[in-house]
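In the working numbering, the protein residues as written are 43 to 239.
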């Protein structure tokens with residue numbers, strides 16, 4: 043029976059591990075461990091990144107759906123119907139007179155109803171609906187209203203574009219990790235480079 047010391051392959055391996063080539067052996071072991079861990083860590087990173095993007099997109103979609111539902115609720119009320127008829131169709135209640143005013147500043151209503159009881163009702167309805175629609179006081183400035191409107195998309199196209207922008211919105215270190223782990227976006231969605239046009 044031969045001893046392990048007599049085997050040349052074992053002696054060569056022992057010399058490689060303990061001799062002058064020990065740093066090379068350690069580097070090879072480290073490279074093998076990193077190579078073995080890369081793909082599970084990559085899969086974990088891709089799953090977490092995909093979950094983050096999809097959760098932000100779902101939050102945007104829910105905000106858009108909530109804004110649509112508030113519009114539907116407003117149009118299903120008597121005050122909402124009257125306000126829509128006045129602002130979008132130019133209609134007035136019996137006893138009211140429609141007056142067109144030109145030359146006003148931006149942001150102010152271009153029409154107003156006067157003459158009779160309807161004029162007081164019109165201004166109170168408009169302020170109540172304005173407070174309900176924006177969730178803030180009716181005395182809010184136009185700039186603040188525009189900022190609030192830009193957070194929630196008003197059309198389906200804007201909503202789709204903000205969802206795609208959510209996939210691109212990442213700090214520099216996340217972009218570096220995306221490059222390291224070859225993350226190119228959520229499967230089934232357009233690539234980020236195609237949405238910049």
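For each residue, glycine too, the CB sits at the ideal point set by N, CA and C.
None of these values were measured; they are calculated from a predicted model.
Contact defined as beta carbons within less than 8 Å: I believe residue i pairs with residue j. What is the distance between those atoms, to the nearest angstrom?
i	j	result
residue 194	residue 106	6 Å
residue 71	residue 223	Not quite, the Cβ-Cβ distance comes to about 23 Å (not below 8 Å), so this is no contact.
residue 206	residue 232	6 Å
CA-CA distance, residue i and residue j?
i	j	result
residue 208	residue 86	20 Å
residue 123	residue 133	11 Å
residue 163	residue 146	Residue placement at residue 163 is poorly supported in this model, since its pLDDT is 43, which falls under 50; the coordinates are not used for a value here.
residue 75	residue 67	12 Å
residue 115	residue 83	47 Å
residue 104	residue 92	18 Å
residue 245	residue 228	The shown model of the chain, from 43 to 239, leaves out residue 245, and the question about it has no answer.
residue 57	residue 51	10 Å
residue 102	residue 128	31 Å
residue 225	residue 111	36 Å
residue 78	residue 215	23 Å
residue 90	residue 125	46 Å
residue 210	residue 221	13 Å
First and last residue of the alpha helix (DSSP H) that includes residue i?
i	result
residue 124	120 to 131
residue 110	64 to 117
residue 135	That residue, residue 135, is in no alpha helix (DSSP H); it is neither H nor E in DSSP.
residue 53	50 to 60
residue 203	198 to 210
residue 194	No alpha helix (DSSP H) contains residue 194, which DSSP labels as neither H nor E.
Quick one: give me the first and last residue of the beta strand (DSSP E) that residue i is part of.
i	result
residue 139	139 to 142
When burial is assigned at 16 or more other CB atoms within 10 Å of the CB, is residue i buried or exposed?
i	result
residue 55	exposed
residue 159	Below a pLDDT of 50, predicted positions are generally treated as unreliable, and residue 159, at 46, falls in that range; no measurement from the model is reported.
residue 99	buried
residue 59	exposed
residue 204	buried
residue 49	exposed
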